[in-house]
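Visitor: To start, I am sharing the structure in question, which I have written as structure tokens.
Written out as structure tokens, the structure is:
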């Protein structure tokens with residue numbers, strides 16, 4: 102982060118990413134409410150939210166390789182992307198509980214408890230909660246080294262989310278292949294990098 | 002995850018059309034896809050359907066009909082793509098006429114029928130049925146069809162015939178889901194019924210819906226409708242019906258036997274391994290803000306008519 106930027110521009114891009122980030126949810130909601138999502142708008146809206154949760158997780162994971170391989174530093178967006186992933190997962194779950202399952206707890210609770218498809222998705226959301234809660238300067242300062250350790254949970258969360266997505270359909274489709282492929286690639290990158298010994302680097 | 006093996010397709014068979022049809026899926030990911038939803042769709046208009054002469058049928062459902070628009074735009078017909086909207090969008094090149102259907106196997110008089118001649122020869126009845134998909138959604142559809150029994154009687158099944166096997170057409174040039182890299186299942190799609198199920202008065206070969214010939218996306222020109230079974234039993238665009246001695250294969254069972262059985266009777270008490278079958282969402286029933294969720298009925302509400310077919314059979318084991 103060599104380049105100096107004005108704090109004003111920083112704040113603007115910071116808020117900008119949230120504004121842009123919520124566009125897919127807002128657009129999909131608006132289409133659903135106005136009859137633009139086809140015969141089963143609830144399912145379409147629910148799936149859109151889930152897919153974007155996964156996309157934001159993928160983007161979060163792409164920040165480090167982009168920096169290391171392409172020299173593109175987007176680190177300042179990572180917190181926003183991670184929080185967007187959490188909010189989309191939370192909205193996805195809320196729509197599942199309300200619009201989809203109609204808050205009929207007698208069928209929802211057994212589903213979450215017993216059906217791996219639902220359980221895995223739920224577990225991914227639960228794992229994102231502590232990450233979202235500690236995505237602030239205060240927590241980073243307080244937790245120190247443990248913060249990085251804690252935030253490695255994102256690898257588990259994205260894996261669970263990926264399997265949840267795979268189990269959601271009867272057959273594999275192209276959208277799934279592309280997304281799961283990216284998850285595997287980004288997790289694989291970290292695995293490979295951790296196995297390859299690196300030359301000592303001088304402190305910057 | 003389904004055990005999935007993509008068939009090997011020579012490059013020469015990958016038509017520019019299918020490549021073209023895929024481009025949006027990549028764009029959807031890479032671009033600001035939220036805004037790309039439903040924008041600029043290259044839709045091949047399906048040929049118009051024509052009115053059918055029908056007689057009132059004896060089966061009705063005291064529930065509101067699902068709109069024709071929903072019935073014809075929300076379809077599972079993987080020969081045209083796996084998305085619900087794919088069949089209505091990508092079935093424009095399909096030619097359902099002229100069409101013949103061969104009925105053979107253990108029969109006295111194997112025959113090939115012209116579908117339009119069948120429609121002219123046999124009374125086409127309106128049948129309003131519930132349709133329950135294995136994915137836990139449902140519709141109420143006014144089909145126009147002929148009892149399968151009327152067709153089977155014409156070919157005189159032999160005493161040794163115990164099952165009926167059905168087969169869908171294979172036309173990769175007209176059905177984009179049947180070509181390209183990512184094909185969801187082997188073709189042709191096949192289905193089967195026990196002979197007594199096939200002869201049951203509820204079982205029809207639908208040739209129309211809402212009083213007109215079937216749109217391509219709904220299985221034109223002729224498809225099976227068995228209202229007490231999950232929708233995937235309703236094989237579409239049938240070219241062959243064979244009477245056989247042994248239980249024939251059915252596509253979804255071959256693909257994933259622990260999730261999809263041969264019988265596939267609607268049963269709220271037997272869950273799909275990945276989701277509950279206790280409730281269903283009625284398409285179009287309550288728009289965006291009500292869930293439209295309702296309890297699923299045993300045999301999809303046709304227990305009085307069909308439960309006796311399975312007397313003494315373990316319907317839990319034979320899901």
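Protein chains in written order, with the working numbering: chain A, 102 to 305; chain B, 2 to 320.
Where is the CB? At the ideal position from N, CA and C, for every residue including glycine.
None of the values given here were measured: they were computed from a predicted structure.
Contact check, residue 55(B) vs residue 212(B) under 8 Å by CB: the rounded distance?
Guide: Here the question's residue 55(B) lines up with position 54 in the second chain. Here the question's residue 212(B) lines up with position 211 in the second chain. Their Cβ separation, rounded to whole angstroms, is 6 Å, which keeps residue 55(B) and residue 212(B) in contact under 8 Å.
Visitor: Whose C-beta lies closer than 6 Å to the C-beta of residue 241(B) among residues of the same chain, with five residues either side of it excluded?
Guide: To locate residue 241(B), count along the second chain from 1; it is residue 240. Excluding residues within five positions, the ones whose Cβ falls inside 6 Å are 103, 168.
Visitor: Of all Cβ atoms in chain A, is any one closer than 8 Å to the Cβ of residue 25(B)?
Guide: What you label residue 25(B) is simply residue 24 of the second chain in a count that begins at 1. Low per-residue confidence applies at residue 25(B): pLDDT is 46, beneath 50, and the placement is therefore not dependable, though the value from the model is reported in the following sentence. Contacts with chain A at 8 Å (Cβ-Cβ) do not include residue 25(B).
Visitor: Would a check of beta-carbon distances place residue 268(A) closer than 8 Å to chain B?
Guide: On the first chain, residue 268(A) is found 167 positions in, with the first residue counted as 1. Yes, contact with chain B.
Visitor: Listing by chain order, which chain B residues have their CB less than 7 Å from the CB of residue 134(A)?
Guide: Translated into positions along the first chain, residue 134(A) becomes position 33. Near residue 134(A) (Cβ distances below 7 Å), the residues of chain B are 289.
Visitor: Flag this pair as yes or no: are the beta carbons of residue 244(B) and residue 116(B) separated by less than 8 Å?
Guide: Looking up residue 244(B) in the second chain gives position 243. Looking up residue 116(B) in the second chain gives position 115. Not closer than 8 Å, so no.
Visitor: For the alpha helix (DSSP H) that contains residue 211(B), what are its first and last residues?
Guide: Translated into the one-based positions of the second chain, residue 211(B) becomes position 210. Segment: none, residue 211(B) is in no alpha helix (DSSP H) and carries neither H nor E.
Visitor: Could you pull out every residue in the same chain whose Cβ sits closer than 8 Å to the Cβ of residue 232(A), ignoring the five residues on either side in sequence?
Guide: Mapped onto the first chain, residue 232(A) falls at position 131. Counting only Cβ-Cβ distances below 8 Å, and skipping sequence neighbours, we find 183, 187, 251, 252, 254, 255, 258.
Visitor: Kindly say whether residue 218(A), judged by its beta-carbon, lies nearer than 8 Å to any beta-carbon of chain B.
Guide: Start at 1 with the first residue of the first chain, and residue 218(A) comes out as number 117. At least one chain B Cβ lies under 8 Å of residue 218(A).
Visitor: In this structure, does DSSP put residue 246(A) in helix, strand or coil?
Guide: Here residue 246(A) refers to the residue found at position 145 when the first chain is read from its first residue. Residue state, collapsed to three classes: helix.
Visitor: Please tell me whether residue 212(A) has its Cβ less than 8 Å away from any Cβ of chain B.
Guide: As a position in the first chain, residue 212(A) is number 111, starting the count at 1. At least one CB of chain B lies nearer than 8 Å to the CB of residue 212(A).
Visitor: Determine whether the beta carbon atoms of residue 164(B) and residue 196(B) lie at a separation below 8 Å.
Guide: Here residue 164(B) is taken as the residue at index 163 of the second chain, counted from 1. Here residue 196(B) is taken as the residue at index 195 of the second chain, counted from 1. Against a cut-off of 8 Å, the Cβ pair of residue 196(B) and residue 164(B) comes out as a contact.
Visitor: Could you check where the alpha helix (DSSP H) with residue 213(A) kicks off and where it finishes?
Guide: Position 112 of the first chain, counted from the first residue, corresponds to residue 213(A). Looking at the DSSP string, the run of the alpha helix (DSSP H) that includes residue 213(A) is 206-215.
Visitor: Give the interface partners of residue 172(B) over in chain A, defined as CB-CB distance under 8 Å, in chain order.
Guide: Walking along the second chain from the start, residue 172(B) turns up at place 171. The premise fails here: residue 172(B) is roughly 20 Å from chain A at the closest Cβ pair, so nothing lies under 8 Å.
Visitor: Anything in chain A within Cβ reach of residue 75(B), meaning under 9 Å, just list it in chain order.
Guide: Working through the second chain from its first residue, we reach residue 75(B) at position 74. Chain A residues near residue 75(B): 139, 140, 141.
Visitor: Residue 49(B) to residue 220(B), Cα distance in whole Å?
Guide: For this step, residue 49(B) is matched to residue 48 along the second chain. For this step, residue 220(B) is matched to residue 219 along the second chain. Using only the alpha carbons, I get a separation of about 14 Å.
Visitor: Would you call the stretch 90-105 of chain B and the stretch 181-200 of chain B touching, i.e. three or more CB-CB distances under 8 Å?
Guide: no
Visitor: For residue 130(B), write down the residues that DSSP places opposite it in a beta bridge.
Guide: As a working mapping, residue 130(B) is identified with position 129 in the second chain. 142(B).
Visitor: Which whole-angstrom value is the C-beta distance of residue 217(A) and residue 155(A), which I expect to be below 8 Å?
Guide: Walking along the first chain from the start, residue 217(A) turns up at place 116. Walking along the first chain from the start, residue 155(A) turns up at place 54. Contact flag wrong, Cβ pair sits at about 17 Å.
Visitor: For residue 111(A), decide whether its Cβ has a neighbour in chain D, counting only Cβ atoms nearer than 8 Å.
Guide: Among the chains of the structure shown, chain D does not appear; the protein chains present are A and B.
Visitor: For residue 262(A) versus residue 225(A), is the C-beta distance shorter than 8 Å?
Guide: Your numbering for residue 262(A) matches position 161 in the first chain. Your numbering for residue 225(A) matches position 124 in the first chain. The answer is yes: Cβ separation under 8 Å.
Visitor: Apart from the five residues on each side of it in sequence, which residues of its chain come closer than 8 Å, Cβ to Cβ, to residue 62(B)?
Guide: Start at 1 with the first residue of the second chain, and residue 62(B) comes out as number 61. Same-chain partners within the cutoff: 129, 130, 131, 141, 302.
Visitor: Can you check whether the CB of residue 150(B) is closer than 8 Å to the CB of residue 200(B)?
Guide: Against the second chain, residue 200(B) aligns to sequence position 199. Against the second chain, residue 150(B) aligns to sequence position 149. Yes, Cβ-Cβ distance for residue 200(B) and residue 150(B) is below 8 Å.
Visitor: Under 8 Å: do the stretch 295-311 of chain B and the stretch 242-249 of chain A share three or more Cβ pairs, one atom per stretch?
Guide: These segments do not touch.
Visitor: Quick one: does residue 278(A) have its CB under 8 Å from some CB of chain B?
Guide: For the purposes of this step, residue 278(A) is identified with residue 177 of the first chain, where counting begins at 1. Proximity of residue 278(A) to chain B, defined by a Cβ-Cβ separation below 8 Å, is satisfied.
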